[in-house]
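K.L.:
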DNA sequence: ATGAAAGCGCTAACAC
DNA sequence: GTGTTAGCGCTTTCAT
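Protein chains in written order, with the UniProt record's numbering: chain R, 1 to 326; chain U, 1 to 326.
1) Specify the secondary structure class of residue 192 of chain U as computed by DSSP and reduced to three states.
2) Relative to the C-alpha of residue 73 of chain U, which residue among U:226, U:58, U:289 is closest?
3) Counting only Cβ pairs nearer than 7 angstroms, list the residues of chain R close to residue 247 of chain U.
4) For residue 366 of chain R, which residues from the same chain have a beta carbon less than 8 angstroms from its beta carbon, with the 5 sequence-adjacent residues on both sides left out?
5) Just the chain R side, please: which residues come within less than 8 angstroms of residue 291 of chain U by C-beta, in chain order?
6) If you follow the alpha helix (DSSP H) that residue 133 of chain R is part of, which residue opens it and which one closes it?
7) According to DSSP, what are the bridge partners of residue 283 of chain R?
8) Grab the span of the beta strand (DSSP E) containing residue 1 of chain U for me, first residue to last.
9) Taking 8 angstroms as the threshold, find out whether the stretch 136-147 of chain R comes into contact with the stretch 57-72 of chain U through three or more Cβ pairs.
10) Taking C-beta pairs closer than 7 angstroms, name the residues in chain U that residue 137 of chain R reaches, listed in chain order.
11) How is the beta strand (DSSP E) around residue 59 of chain U delimited, first residue to last?
12) What whole-angstrom Cβ distance do residue 87 of chain R and residue 120 of chain R have, given they're in contact under 8 angstroms?
13) I think residue 60 of chain U touches residue 161 of chain U, with their Cβ atoms under 8 angstroms apart; what is that distance to the nearest whole Å?
14) Going along chain U in order, which residues have a C-beta closer than 8 angstroms to the C-beta of residue 78 of chain R?
15) Please confirm whether residue 299 of chain U has its beta-carbon closer than 8 angstroms to some beta-carbon of chain R.
16) What's the gap between the Cα of residue 318 of chain R and the Cα of residue 53 of chain R?
17) Strictly by DSSP, which residues pair up with residue 180 of chain R?
18) Which of the three DSSP states is assigned to residue 206 of chain U in this structure?
19) Less than 8 angstroms separating the beta-carbons of residue 178 of chain U and residue 195 of chain U?
20) Take residue 152 of chain R as the anchor and find which of R:15, R:291, R:57 has the nearest alpha-carbon.
21) Output, in chain order, the set of chain U residues within a Cβ distance shorter than 7 angstroms of residue 47 of chain R.
22) Taking a Cβ distance cut-off of 9 angstroms, strictly less, list which residues of the UniProt domain "HTH lacI-type" (2-55) of chain R are near chain U, in chain order.
23) Beta carbon of residue 318 of chain U: closer than 7 angstroms to some heavy atom of the ligand FAD?
24) What are the boundary residues of the alpha helix (DSSP H) that residue 259 of chain U is part of?
25) For residue 21 of chain R, which three-state DSSP category applies?
26) Do residue 155 of chain U and residue 300 of chain U have their C-beta atoms closer together than 8 angstroms?
27) Going by DSSP in three states, residue 27 of chain U sits in which element: helix, strand or coil?
28) Hey, how far is the Cα of residue 302 of chain U from the Cα of residue 2 of chain U?
29) How is the beta strand (DSSP E) around residue 93 of chain U delimited, first residue to last?
30) Output the distance between the C-alpha atoms of residue 251 of chain U and residue 274 of chain R, rounded to the nearest integer angstrom.
31) Within the continuous alpha helix (DSSP H) that includes residue 236 of chain U, where are the two ends?
32) For residue 222 of chain U, decide whether its Cβ has a neighbour in chain R, counting only Cβ atoms nearer than 8 angstroms.
33) By how many angstroms is the C-alpha of residue 109 of chain U removed from the C-alpha of residue 305 of chain U?
34) Given this structure, state the Cα-to-Cα distance separating residue 232 of chain U from residue 75 of chain R, to the nearest angstrom.
35) On a CA-only basis, which of R:218, R:168, R:276 is nearest residue 259 of chain U? Give me that one, please.
36) Please identify the residue among R:236, R:101, R:106, R:181 whose C-alpha is closest to the C-alpha of residue 94 of chain R.
Next up, the structure:
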């Protein structure tokens, strides 16, 4: 690999001048030409590691998410990436696999690699940001809060849980179960809250047996749905706590010949790649891409030196109601 | 941020000793203890940028894929990640968005950031690897070949196309269309080949109107399926060139009241998050995770200095036939 | 506008 | 086993 010195020698200038050419500051026309020509000839690309070491910062941001196989997060990632690359930043995607330890490792890498900032969908409410905050790197929380006083972008989760439930009530269902995500994740708890609120508002029972905490994954949805169906008095409808739970629940229902709307189904989150007709399942669409875009903008602002007090932005959902009921 | 010098001073040793402690070479028990204690107190983490600059290599590999929203690639990413992190490497995921220019940018970043190697699912047959190869960084191709003499892991695409088609033939369909991926992508072309072969072997027509080149995405599948249905003489079955095309095609069929098996459907690739019964659609399962695992192992071997001639590994598929026909 | 030179934080010879 | 020291390739004062 050619260095700045090789280019300088070939172009007959100093290393400093080569650096200036690549950083767009005042250099005379002729020298610019000479340097560019020499660089091309040597296939020179500036060594980013050296630049980062010298500058103590790099145009890279980290996006840490708990499940790279969940389309909700990849859609968000696209939003982040579009904004970041527009601004000349690269995004490195880190999959914490919902484990606090892995997450911690990635946060340390972000510090140690001089990344400019982090967008984080926390693995749990036990996530620690001490180190990264001590390092002075800006962090924006997405999807879930963190317990720290930092910027954040979240969905209107209570609303989402409530609307999903209300749609089922309006469609005439009355024994409405809820398969929620893990109890230690904020979004899950808030959606449960919405489900409770809606039931209470309509004088329906929130039978504890109808609430299942599960994982935010397909198998979690499957297991919980099986349990619900095995109940002495099964529900006649179910609210799925996220997209993957929805997929799992519907799979099980299909296997039992209870394809919606035989049993009512409402899902918080878009159904990824569904082949179902949109008329049979109520979906509360969560603007994942928009969340990514917003978070990236906030982070870039912070990187740019913005130091106003921390803000949290709550994104509104869009409901897409089933038109068919049983 | 504390440096190695700060730690050395506090622990009463030389910077070199601190370095040794963090790199696991012979240091006396007491000094190790002193250094660890000092490091903890100062919240010291080794600066990776500096280490990378010095060592001229970093324990990071890049995984460049054309569509981060496609579960096929994220599943593969998990495989890569599992192997890599086991070996102490981090993976940075780069989304080329199927654009050769973006891909080129990421490859340059990989060079400039001293990453140890790259796993690449090429955006197109025009992908250039000149620079990265000149930089001496190992590259392993996945999913698609590259036209360069490098290691690769690919699926048995012809087989996949052929098996998918034959399943439909055996189920009694005779006018079998194929919605393929882009014509400039190897995997797409090979699957077309398999489709042709199967039809020929059974004396069925490969009507040119029944072959549609499209994008490897849901909307590509949708458009092509609409076109096929609008034909004066529409097909009675269709082979989808990948998972997302399959989703799009089935969506359109459902909207037209032609849910499989009213029209036969076979998909090359697993249907992500499907809520359909497995009995109605034939699926050729592609071992995406395994592909990632294999590629990561090959890359790590190369990084470790392995210099045997380039190998290409072809992964076998598993067919999961529909049990219901019309 | 340009060059000389210092130094970012770490590692790896090389001495002892 | 441990310390000294010279860079890795770049940016950035400070002179000129």
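We put the beta carbon where it would ideally sit given N, CA and C, even for glycine.
P.N.:
On the basis of the data shown:
1) Taking the second chain and counting its residues from 1, the one referred to as residue 192 of chain U is at position 192. Helix at residue 192 of chain U.
2) Mapped onto the second chain, residue 73 of chain U falls at position 73. Nearest C-alpha to residue 73 of chain U: U:289.
3) As a first step, residue 247 of chain U is located in the second chain; it is residue number 247 there, counting from the start. In chain order: 273, 275.
4) In the structure as shown, chain R starts at 1 and stops at 326, and residue 366 of chain R therefore has no counterpart that could be examined.
5) Here the question's residue 291 of chain U lines up with position 291 in the second chain. Within chain R, no residue comes near residue 291 of chain U; the closest Cβ sits about 15 angstroms away, beyond 8 angstroms.
6) Within the first chain, residue 133 of chain R is the residue found at index 133, counting from 1. 130-134 is the extent of the alpha helix (DSSP H) around residue 133 of chain R.
7) Your numbering for residue 283 of chain R matches position 283 in the first chain. Its beta-bridge partners are R:267, R:320.
8) Here residue 1 of chain U corresponds to residue number 1 of the second chain, with the count starting at 1. For residue 1 of chain U, there is no enclosing beta strand (DSSP E), as DSSP gives it neither H nor E.
9) no
10) Walking along the first chain from the start, residue 137 of chain R turns up at place 137. What residue 137 of chain R touches in chain U: nothing, since even the nearest Cβ is about 10 angstroms away.
11) By 1-based counting over the second chain, the position of residue 59 of chain U is 59. Counting along the chain, the beta strand (DSSP E) containing residue 59 of chain U begins and ends at 58-65.
12) Translated into the one-based positions of the first chain, residue 87 of chain R becomes position 87. Translated into the one-based positions of the first chain, residue 120 of chain R becomes position 120. Wrong, their Cβ atoms sit about 19 angstroms apart, outside the cutoff.
13) Reading the second chain from its first residue, position 60 is the one you call residue 60 of chain U. Reading the second chain from its first residue, position 161 is the one you call residue 161 of chain U. That pair is no contact at about 36 angstroms.
14) Counted from its first residue, the first chain places residue 78 of chain R at position 78. Within chain U, the residues near residue 78 of chain R are 68, 69, 95.
15) Indexing the second chain from 1 puts residue 299 of chain U at position 299. No - not a single Cβ of chain R is within 8 angstroms of the one on residue 299 of chain U.
16) Locating residue 318 of chain R in the first chain gives position 318, counting from the first residue. Locating residue 53 of chain R in the first chain gives position 53, counting from the first residue. A straight-line Cα-Cα distance of about 45 angstroms links residue 318 of chain R and residue 53 of chain R.
17) In the first chain, residue 180 of chain R corresponds to position 180, counting from 1. DSSP lists R:213 as partners of residue 180 of chain R.
18) Taking the first residue of the second chain as position 1, residue 206 of chain U is located at position 206. In this structure, residue 206 of chain U counts as coil in the three-state DSSP scheme.
19) To locate residue 178 of chain U, count along the second chain from 1; it is residue 178. To locate residue 195 of chain U, count along the second chain from 1; it is residue 195. Yes, the Cβ-Cβ distance between residue 178 of chain U and residue 195 of chain U is below 8 angstroms.
20) In the first chain, residue 152 of chain R corresponds to position 152, counting from 1. Measuring C-alpha to C-alpha distances from residue 152 of chain R to each of R:15, R:291, R:57 identifies R:291 as the nearest.
21) Here residue 47 of chain R refers to the residue found at position 47 of the first chain. Simply 112.
22) Legend: CB atoms of the UniProt domain "HTH lacI-type" (2-55) of chain R lying less than 9 angstroms from CB atoms of chain U belong to residues 43, 45, 46, 47, 48, 49, 50, 51, 52, 53.
23) You won't find the ligand FAD in this model; it holds no ligand whatsoever.
24) In the second chain, counting from the first residue as 1, residue 259 of chain U sits at position 259. DSSP places residue 259 of chain U in no alpha helix (DSSP H); its state is neither H nor E.
25) As a first step, residue 21 of chain R is located in the first chain; it is residue number 21 there, counting from the start. The answer is helix: DSSP assigns residue 21 of chain R an H, G or I state.
26) Translated into the one-based positions of the second chain, residue 155 of chain U becomes position 155. Translated into the one-based positions of the second chain, residue 300 of chain U becomes position 300. Cβ atoms of residue 155 of chain U and residue 300 of chain U: not closer than 8 angstroms.
27) To locate residue 27 of chain U, count along the second chain from 1; it is residue 27. The answer is coil: DSSP assigns residue 27 of chain U none of H, G, I, E or B.
28) Here residue 302 of chain U refers to the residue found at position 302 of the second chain. Here residue 2 of chain U refers to the residue found at position 2 of the second chain. Cα-Cα distance, rounded: 35 angstroms.
29) Position 93 of the second chain, counting from 1, holds the residue named residue 93 of chain U. Note, residue 93 of chain U: beta strand (DSSP E), 90-95.
30) Your numbering for residue 251 of chain U matches position 251 in the second chain. Your numbering for residue 274 of chain R matches position 274 in the first chain. Approximately 8 angstroms between the Cα atoms of the pair.
31) Mapped onto the second chain, residue 236 of chain U falls at position 236. No alpha helix (DSSP H) holds residue 236 of chain U; DSSP gives it neither H nor E.
32) Locating residue 222 of chain U in the second chain gives position 222, counting from the first residue. Taking Cβ atoms only, chain R never reaches closer than 8 angstroms to residue 222 of chain U, which makes this a no.
33) In the second chain, the residue the question calls residue 305 of chain U occupies position 305. In the second chain, the residue the question calls residue 109 of chain U occupies position 109. Here the alpha carbon of residue 305 of chain U sits roughly 22 angstroms from the alpha carbon of residue 109 of chain U.
34) The sequence position of residue 232 of chain U within the second chain is 232, counting from 1. The sequence position of residue 75 of chain R within the first chain is 75, counting from 1. Computed Cα separation, rounded: 38 angstroms.
35) If you number the second chain from 1, residue 259 of chain U lands on position 259. Selected option, being the one with the closest Cα: R:276.
36) In the first chain, residue 94 of chain R corresponds to position 94, counting from 1. Closest option to residue 94 of chain R, Cα to Cα, is R:106.
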